[in-house]
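UniProt numbering numbers the first residue of the sequence shown as 1 and each following residue consecutively. By construction, the Cβ of each residue, glycine as well, lies at the ideal position given by its N, Cα and C atoms.
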Amino acid sequence: MDDDVYNAIMNSVLRYKGKYLIPRLSSPEFMEEFEKMEVREDDIFIISYPKSGTHWMQEIVQLILHDGQLEKLSAKHRRCIAEVADVKVPLPHLKAVAGPVFRAFKDDPSPRVITTHCPYALLPQQYHEKQPKTIYVYRNPKDSLISRYNFNVKLAAMELGRPVKPSPRLFSSFFDVLTSGNYAYGCWFDHINDYWGRKDDLNSIYVSYEDMKTDLQTIVKKVATFLCHPLEDDVIRRVVNNASLETMRLSFQKDQLRYTERGREVIDRTVFISKGEINQWQSIFTPKQNESFDKLFMEKMKGCELTKTYAGIKSTLI
Numbered sequence: 001m002d003d004d005v006y007n008a009i010m011n012s013v014l015r016y017k018g019k020y021l022i023p024r025l026s027s028p029e030f031m032e033e034f035e036k037m038e039v040r041e042d043d044i045f046i047i048s049y050p051k052s053g054t055h056w057m058q059e060i061v062q063l064i065l066h067d068g069q070l071e072k073l074s075a076k077h078r079r080c081i082a083e084v085a086d087v088k089v090p091l092p093h094l095k096a097v098a099g100p101v102f103r104a105f106k107d108d109p110s111p112r113v114i115t116t117h118c119p120y121a122l123l124p125q126q127y128h129e130k131q132p133k134t135i136y137v138y139r140n141p142k143d144s145l146i147s148r149y150n151f152n153v154k155l156a157a158m159e160l161g162r163p164v165k166p167s168p169r170l171f172s173s174f175f176d177v178l179t180s181g182n183y184a185y186g187c188w189f190d191h192i193n194d195y196w197g198r199k200d201d202l203n204s205i206y207v208s209y210e211d212m213k214t215d216l217q218t219i220v221k222k223v224a225t226f227l228c229h230p231l232e233d234d235v236i237r238r239v240v241n242n243a244s245l246e247t248m249r250l251s252f253q254k255d256q257l258r259y260t261e262r263g264r265e266v267i268d269r270t271v272f273i274s275k276g277e278i279n280q281w282q283s284i285f286t287p288k289q290n291e292s293f294d295k296l297f298m299e300k301m302k303g304c305e306l307t308k309t310y311a312g313i314k315s316t317l318i
């Protein structure tokens, strides 16, 4: 049974331009069009490796732009990452999907909030010319890996049409695939090094998921200042309260029901929102996997100041 789940997970990946791996919810045609997408100078890009707090930051940014007024947000403010299909149907019926998410941005008023997991090389060509504001969200790679594993198990269950129970054997296979970079968007190390190495050249700020979890108020202030949208203290508190993960889950559920009178006929986007605990990997990594990951981390991140941020990663099961 693990083999069926593993195959479902691996079949969700496509190769693009010979060396890039993209999710099956995208396509080479989508990616070519995405690279030619018109970018505005006042666009706001939220970029991250998968399962690093992408949709959470998206909600925070939208709340900041709307002064914390949750009632002003709708499904169009919570679109999926730009390069994938605009899914409003169950996964087995993707042929019924119209087109990619980024097409929906074309006529949106400014500022547009665009999320993507794309590596730097696959960003729209105009991104490099227009230098839009960019928020890069990163997360402890061990937690990111666990969250991505859980997410893909849920997607596999939707694909197979039956419950799927995670197992050590299945996780071990996924661990090997993800750390080797043989999955959609490559490995965490290459993705973050690519952007971190350009942080002085981009119009950007870098935000850690851990800081979002432990001091969201400070992060809201930081992001609001970066967006040139300063907020009064009472509005900041409103943003923080309305940006809770539980509130997000309820908002996603309401959005889904608006797509159709029969809410079951849309993809369950609440799978994008997990509990998001810090150091959740402790209960899943084996000592051998932990040792292997620590070694890889120190090799790949040599010279990067993030080795200080995640200094504790090269320790016991933190």
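query	result
Test: residue 109 CB closer than 8 Å to a CB of chain B	Of the chains in the structure shown, none is chain B; there is only one protein chain.
Pairwise C-alpha distance: residue 15 and residue 184	9 Å
Proximity of residue 281 and residue 143 at Cβ, strictly below 8 Å	yes
Counted within 10 angstroms of its Cβ, other Cβ atoms place residue 180 as buried (16 or more) or exposed	exposed
When 206, 35, 132 and 203 are compared against residue 112, the one with the closest alpha-carbon	132
Exposure of residue 121, with buried meaning 16 or more beta-carbon neighbours within 10 Å	exposed
Nearest-angstrom Cα separation, counted from residue 229 out to residue 71	19 Å
Sequence-distant residues of its chain with Cβ nearer than 8 Å to residue 190 (five each side left out)	119, 181 and 300
Beta-carbon spacing of residue 195, residue 53 below 8 Å	no
Identified DSSP bridge partners for residue 14	22
Contact set for residue 150: own chain, Cβ-Cβ below 6 Å, skip 5 residues either direction	none
Residue 104 to residue 298 span [Cα, whole Å]	41 Å
The stretch 68-84 in contact with the stretch 233-246 per 3-pair CB rule at 8 Å	yes
Spatial distance of residue 158 from residue 286 (CA atoms)	28 Å
Whole runs of the alpha helix (DSSP H) within the stretch 168-211, excluding any shorter than 4 residues	168-179 and 188-196
Within 8 Å, strictly: CB atoms of residue 204 and residue 134	yes
Every unbroken alpha helix (DSSP H) within the stretch 57-131, with a cutoff of 4 residues, ordered by chain	125-130
Among 65, 34 and 126, the one whose alpha carbon lies nearest that of residue 82	34
C-beta atoms of residue 167 and residue 2 nearer than 8 Å	yes
Under 8 Å between C-beta atoms of residue 278 and residue 171	no
Boundaries (first-last residue) of the alpha helix (DSSP H) holding residue 218	216-226
Reduced DSSP category for residue 45 - H, G, I as helix; E, B as strand; rest coil	strand
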